[in-house]
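Numbering (my numbering), first residue to last: 5 to 325.
The structure under discussion appears below in the form of structure tokens.
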């Protein structure tokens, strides 16, 4: 491997012993071979270290371990600080990527002349089925490559794993917020654009996102973390009053969609006290009830949080990554 690899792959890991081998092997199968993989173990209590050790004969694979669980932001930041590549790619330890992904994204980024690019995510179930293909909660994949502005990204609420120019992150500087455990990636991507980064999307499904059951978190927990992400972005000096308004409206939209299922059930069952309370919390839920919530949008809303069973409000790996 060259002294400075083309791509540094950032892989936070927490209790992923059954899955991380597939992730590593998908890196080893890349058509672009000039990469390094920085695995940061966030104090796993399973056999994750032993599984990684089986692959460490490959000098491109670097393993670090946190002495205590620090959460997704701090874990990713540790890898970012150690990265040496020209580009940084984010690949979670229980996911995997197509063999041509790194090569295509690097070529696409260089052709577009942008600081950040991404592709489509294929949401795959534990039993191998495809749940959906998407890149954002509120926007469908385009038919051709295209760029997106900051305003469009805020409106779309993206859920992708990007490739980013490392020199840009270091120069600004930009790192993941460490006080957010769900949605810290959204805050990170928006900050990239707030600080002058440009983004382009390559609409090819090359990232496989594993949907699996795990830690149970309520929608209120998710909303609280999204509120923290909004507040983090609001305090950045680059956030203008106009952008602040967009962020606040986007959060209110997220809140309405999250409360909608409970509101609709309350109305259907005649539980008017609950319905009125929810309506006071988020007046927008009434409009959703009148217009109906398309099932495809409902799936996009909750697949990003790994909600395998939305009615049971089950979420997976955003709590520990």
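Heads up, the beta-carbon is just placed ideally off N, CA and C, and yes, glycines get one too.
With three or more beta-carbon pairs closer than 8 Å as the criterion, would you say the region 12 to 31 touches the region 44 to 52? Yes, they touch.
Residue 167 beta carbon less than 8 Å from that of residue 84: The residue given as residue 84 occupies position 80 in the chain shown. The residue given as residue 167 occupies position 163 in the chain shown. In this structure, residue 167 does not lie closer than 8 Å to residue 84 by Cβ.
One or two residues paired with residue 125 in a DSSP bridge: Along the chain shown, one-based indexing puts residue 125 at 121. Its beta-bridge partners are 138 and 211.
With DSSP run on the structure shown, which of helix, strand or coil describes residue 85? Taking the chain shown and counting its residues from 1, one reaches residue 85 at position 81. Residue state, collapsed to three classes: helix.
So is residue 206 buried or exposed if we call it buried at 16+ other beta carbons inside 10 Å? Your numbering for residue 206 matches position 202 in the chain shown. Residue 206 is buried by the Cβ-count criterion.
Straight-line Cα distance separating residue 183 from residue 210: By one-based count along the chain shown, residue 210 stands at place 206. By one-based count along the chain shown, residue 183 stands at place 179. When rounded, the distance between both Cα atoms is 30 Å.
Could you tell me whether the region 33 to 43 touches the region 118 to 125, where touching means 3 or more Cβ pairs closer than 8 Å? no
Supposed close pair residue 180, residue 77 - CB separation, criterion 8 Å: If you number the chain shown from 1, residue 180 lands on position 176. If you number the chain shown from 1, residue 77 lands on position 73. Yes, residue 180 and residue 77 are in contact; Cβ-Cβ is about 4 Å, under 8 Å.
Determine the direct distance from the alpha carbon of residue 63 to that of residue 32, and round the result to whole angstroms. Start at 1 with the first residue of the chain shown, and residue 32 comes out as number 28. Start at 1 with the first residue of the chain shown, and residue 63 comes out as number 59. Cα-Cα distance, rounded: 11 Å.
So is residue 238 buried or exposed if we call it buried at 16+ other beta carbons inside 10 Å? Translated into the one-based positions of the chain shown, residue 238 becomes position 234. With fewer than 16 Cβ atoms within 10 Å of its Cβ, residue 238 is classed as exposed.
Name the one or two DSSP bridge partners that residue 40 has. By 1-based counting over the chain shown, the position of residue 40 is 36. For residue 40, which the question treats as bridged, DSSP gives the partners 12.
For residue 68, count neighbouring Cβ atoms within 10 angstroms of its own Cβ and tell me buried if that reaches 16, exposed if not. Translated into the one-based positions of the chain shown, residue 68 becomes position 64. So residue 68 counts as exposed.
When the Cα atoms are used, what is the spatial distance from residue 249 to residue 55? Here residue 249 refers to the residue found at position 245 of the chain shown. Here residue 55 refers to the residue found at position 51 of the chain shown. If I take the Cα positions, the gap works out to 46 Å.
Run through the DSSP bridge pairs and tell me what residue 45 is partnered with. Here the question's residue 45 lines up with position 41 in the chain shown. Residue 45 pairs with 17 and 69.
Can you tell me whether DSSP reads residue 7 as helix, strand or coil? Position 3 of the chain shown, counted from the start, is the residue given in the question as residue 7. Three-state DSSP puts residue 7 in coil, outside helix and strand.
Take the Cβ of residue 57 as the centre, count every other Cβ of all protein chains shown within 10 Å, and call the residue buried at 16 or more, exposed below. The residue given as residue 57 occupies position 53 in the chain shown. So residue 57 ends up on the exposed side.
Span of the alpha helix (DSSP H) around residue 247: Working through the chain shown from its first residue, we reach residue 247 at position 243. Judged by DSSP secondary structure, residue 247 falls within the alpha helix (DSSP H) whose first and last residues are 245 to 273.
If you draw a straight line from the alpha carbon of residue 292 to that of residue 112, how long is it in whole angstroms? For the purposes of this step, residue 292 is identified with residue 288 of the chain shown, where counting begins at 1. For the purposes of this step, residue 112 is identified with residue 108 of the chain shown, where counting begins at 1. Each residue's alpha carbon lies about 38 Å from the other.
Taking the straight line between their C-alpha atoms, what separation do you get for residue 161 and residue 128? Counting from one through the chain shown, the residue named residue 161 turns up at place 157. Counting from one through the chain shown, the residue named residue 128 turns up at place 124. Answer to the nearest angstrom: the Cα atoms are 20 Å apart.
Among residues of its own chain, excluding the 5 on either side of residue 81, which ones have a beta-carbon nearer than 6 Å to its beta-carbon? Translated into the one-based positions of the chain shown, residue 81 becomes position 77. Sequence-distant Cβ neighbours of residue 81 in its own chain, meaning closer than 6 Å and more than five residues away, are 179 and 180.
Compute the Euclidean distance between the alpha carbons of residue 260 and residue 36, then round it to the nearest angstrom. Residue numbering aside, residue 260 sits at position 256 when the chain shown is read from its first letter. Residue numbering aside, residue 36 sits at position 32 when the chain shown is read from its first letter. Roughly 43 Å separates the two Cα atoms.
By the 10 Å Cβ neighbour count, where 16 or more other Cβ atoms means buried, how is residue 276 classified, buried or exposed? If you number the chain shown from 1, residue 276 lands on position 272. Exposed is the call here.
Quick one: Cα of residue 106 to Cα of residue 94, how far? Working through the chain shown from its first residue, we reach residue 106 at position 102. Working through the chain shown from its first residue, we reach residue 94 at position 90. Rounded to the nearest angstrom, the gap between the Cα atoms of residue 106 and residue 94 is 11 Å.
Pick helix, strand or coil for residue 152, following the three-state DSSP scheme. As a position in the chain shown, residue 152 is number 148, starting the count at 1. The answer is strand: DSSP assigns residue 152 an E or B state.
Residues near residue 240 by beta carbon distance below 7 Å, same chain, minus five either side: Taking the chain shown and counting its residues from 1, the one referred to as residue 240 is at position 236. Correct list, in chain order: 195 and 198.
Which word fits residue 132, buried or exposed, when buried means at least 16 other C-beta atoms lie within 10 angstroms of its C-beta? Here the question's residue 132 lines up with position 128 in the chain shown. By the neighbour-count rule (16 or more Cβ atoms within 10 Å), residue 132 is not buried but exposed.
Alpha-carbon to alpha-carbon, residue 8 and residue 91: Numbered from its first residue, the chain shown carries residue 91 at position 87. Numbered from its first residue, the chain shown carries residue 8 at position 4. So the alpha carbons of these two residues sit roughly 10 Å apart.
For the beta strand (DSSP E) that residue 93 lies in, which residues bound it at each end? Here residue 93 refers to the residue found at position 89 when the chain shown is read from its first residue. Counting along the chain, the beta strand (DSSP E) containing residue 93 begins and ends at 91 to 94.
Cβ of residue 233 within 8 Å of Cβ of residue 187? For the purposes of this step, residue 233 is taken as residue 229 along the chain shown, with counting starting at 1. For the purposes of this step, residue 187 is taken as residue 183 along the chain shown, with counting starting at 1. For residue 233 and residue 187, yes; Cβs fall inside 8 Å.
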